[in-house]
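One structure below.
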Amino acid sequence: MAEHVEIMLTEEEVDRKIQELGDRISKDYAGKSVHLVCVLKGGSFFMCELAKRITVPVSLDFMSVSSYGGDTRSSGVVKIVKDLDEPLNGKNVLVIEDIVDSGRTLSYLLEMLKDRKPESLKLCTLLDKPDRRVVDVKVDYTGFEIPDEFVVGYGLDYDQKYRNLPYIGVVKFD
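Heads up, the sequence shown is in my numbering, so the first residue is 505 and it goes up one at a time.
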């Protein structure tokens with residue numbers, strides 16, 4: 505089965521939204537520093553662009569969790585592939601995610617990170633798909649709310665393809 509990608513959000517729309525998020529985060533963390541925790545691999549594109557637009561001091565760390573495999577839907581089974589390099593104790597932590605879908609992975613991840621005693625713990629996502637939510641997850645900063653479509657680009661992939669697209673597209677199967 506072949507697939508093709510149709511544009512949902514242009515590169516310009518994504519860029520404008522990331523600037524808006526950077527402005528909001530900078531205002532909310534004024535006088536403080538923020539520790540960005542990127543959920544790899546998809547979140548890396550978004551986090552790099554967002555970090556450039558945050559005006560308060562920023563530190564970065566990376567974590568890799570998996571719940572998809574080669575499928576287009578979350579399996580619900582969460583596996584930590586790479587844990588953080590630094591402790592979170594006393595830090596203002598902002599988890600950066602490419603997309604919030606079912607909420608299963610993030611619910612697990614946020615509970616685990618909360619146990620590490622950060623000063624604060626918030627979630628920022630480029631895309632939110634609330635129609636797919638099966639576990640309630642509080643998203644503090646949302647770029648775009650999107651319908652239940654399988655999307656790629658800007659770090660999001662389908663079976664490791666399309667991450668490098670500079671826009672958000674919908675995968676259509678022929």
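Each residue gets a CB set at the ideal place from its N, CA and C atoms; glycine is no exception.
- Thr-514 sits in coil when the DSSP states are folded into three classes, being neither helix nor strand.
- Put simply, of His-539, Tyr-612, Glu-553, Lys-536 the residue whose alpha carbon is nearest the alpha carbon of Asp-602 is Glu-553.
- In the structure shown, the three-state DSSP call for Glu-615 is helix.
- If you ignore the 5 residues before and after Cys-628, its C-beta comes within less than 6 Å of the C-beta of Leu-598, Ile-600, Tyr-645, all in its own chain and listed in chain order.
- Look at Lys-665 here: in three-state DSSP terms it is strand.
- For Glu-601, the enclosing beta strand (DSSP E) begins and ends at 596–604.
- In summary, Phe-549 is buried, with 16 or more beta-carbon neighbours lying within 10 Å of its beta-carbon over all protein chains present.
- If you keep only unbroken alpha helix (DSSP H) runs of at least 4 residues inside the stretch 509–560, you get 515–532, 547–556.
- At a Cβ-Cβ threshold of 9 Å, Val-543 and Val-569 count as neighbours.
- Residues Met-512, Leu-513, Val-655, Gly-657, Tyr-658 of the same chain have their beta carbon placed closer than 6 Å to that of Ile-672, with the five preceding and five following residues left out of the count.
- In the DSSP assignment, Phe-566 falls within the unbroken beta strand (DSSP E) covering 562–570.
- Minimum Cα-Cα distance from Asn-596 among the listed residues Glu-524, Pro-622, Asp-605 corresponds to Pro-622.
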